[in-house]
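Numbering (the numbering used here), first residue to last: 8 to 343.
Positions of the beta carbon are idealized from the N, C-alpha and C atoms, including for glycine.
Remember, predicted model here, so these are calculated numbers, not experimental data.
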Ligand code: SF4
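Shown next, in the form of structure tokens:
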């Protein structure tokens, strides 16, 4: 189900444009109960009121909370079931953020990611993306939505942009608090500047070396780090928000002196923030996490050399914090 299908259903039930907007807004803000306070009989046609109950139930059923795993840092990882039983992860982030999934599985196949091992299973529809937000808002306020969960949003571009538009126009989320995260698909740089809601952009860089990037992100578009940063800089200047470059720190692989020189060469003087996230080790994958002290030293050195660097921990580090791990564990325990 797409958001556009819901709009058509509402119109078929007799919703006029203001009703349609109000009902979509109530859904994305997780407050259908407010309709009763506003006395719907005063503004909704009878056929619409009758039809809404069934539609509400369908929208509620788009995502179901399977399990909730609170972390010590104020985050919580949620395992959600979609209507066909497929599972995805959302993460309640500290400071009222939410990380949503845009695909079940992912075709990019990043070597350090559990989701990438599955390949793409199916797209998450725009309505299912909004349903993740509505479900999270039934648990706590959400003021920021990042598309950094399972999947590559650029591979599900129409649905993700449709969801971003609704969140930005009716969902009470500032446009720069919508963060589109990608490994760097050229279509993103063409489409994002054209939309009515221009999200902030996070680009997964991970290395300054083209050869290593090809190995770590084997099915990402073959842009060199220089090309990616040039496209990012152009978008940052157009929108007025800095690009967030993502760098998963892998011990002994992309935390070398050569890489630090490469980062300075690429990002010094750019309208950019470098988010360094020490890798969250999992037994199934052959990478290790550098010590926090080492990571702090790297971030400090980059700062001193003129690159705005933020060292972050993967939210929910203590509860299978890496992308795709909850789903992988749940599948393993199902024996499937
Ligand atoms: Fe896909 Fe993101 Fe995992 Fe890479 S890190 S395989 S883009 S979900």
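CA nearest to the CA of residue i, picked from the options
i: residue 36; options: 67, 127, 58, 226; result: 67
i: residue 90; options: 33, 136, 124, 229; result: 136
i: residue 310; options: 286, 275, 64; result: 275
i: residue 106; options: 112, 98, 113; result: 98
i: residue 213; options: 101, 121, 266; result: 266
i: residue 110; options: 166, 317, 277, 38; result: 166
Bridge partners - residue i, DSSP secondary structure assignment
i: residue 317; result: 282
i: residue 254; result: 283
i: residue 70; result: 89
i: residue 151; result: 104
i: residue 9; result: Paired residue(s): none; residue 9 is not in a bridge.
i: residue 84; result: 76, 98
beta-carbon residue i near the ligand SF4 non-hydrogen atom, thresh 7 Å
i: residue 314; result: no
i: residue 157; result: yes
i: residue 117; result: yes
i: residue 276; result: no
i: residue 269; result: no
i: residue 94; result: no
i: residue 167; result: no
i: residue 113; result: yes
Limits of the beta strand (DSSP E) - the one that residue i falls within
i: residue 187; result: 185-189
i: residue 130; result: 126-130
i: residue 112; result: 110-113
i: residue 210; result: 207-211
Whole-angstrom distance between residue j and residue i, CA atom to CA atom
i: residue 11; j: residue 24; result: 13 Å
i: residue 320; j: residue 147; result: 22 Å
i: residue 21; j: residue 55; result: 6 Å
i: residue 26; j: residue 299; result: 52 Å
i: residue 172; j: residue 197; result: 16 Å
i: residue 222; j: residue 30; result: 47 Å
i: residue 229; j: residue 174; result: 31 Å
i: residue 8; j: residue 92; result: 15 Å
i: residue 234; j: residue 220; result: 13 Å
i: residue 237; j: residue 63; result: 45 Å
i: residue 190; j: residue 200; result: 17 Å
i: residue 327; j: residue 82; result: Residue placement at residue 327 is poorly supported in this model, since its pLDDT is 45, which falls under 50; the coordinates are not used for a value here.
i: residue 115; j: residue 226; result: 5 Å
i: residue 16; j: residue 139; result: 20 Å
i: residue 284; j: residue 129; result: 27 Å
Where the alpha helix (DSSP H) containing residue i begins and where it ends
i: residue 306; result: 299-311
i: residue 237; result: 232-246
i: residue 133; result: 133-144
i: residue 174; result: 164-176
i: residue 219; result: 217-223
i: residue 193; result: 193-198
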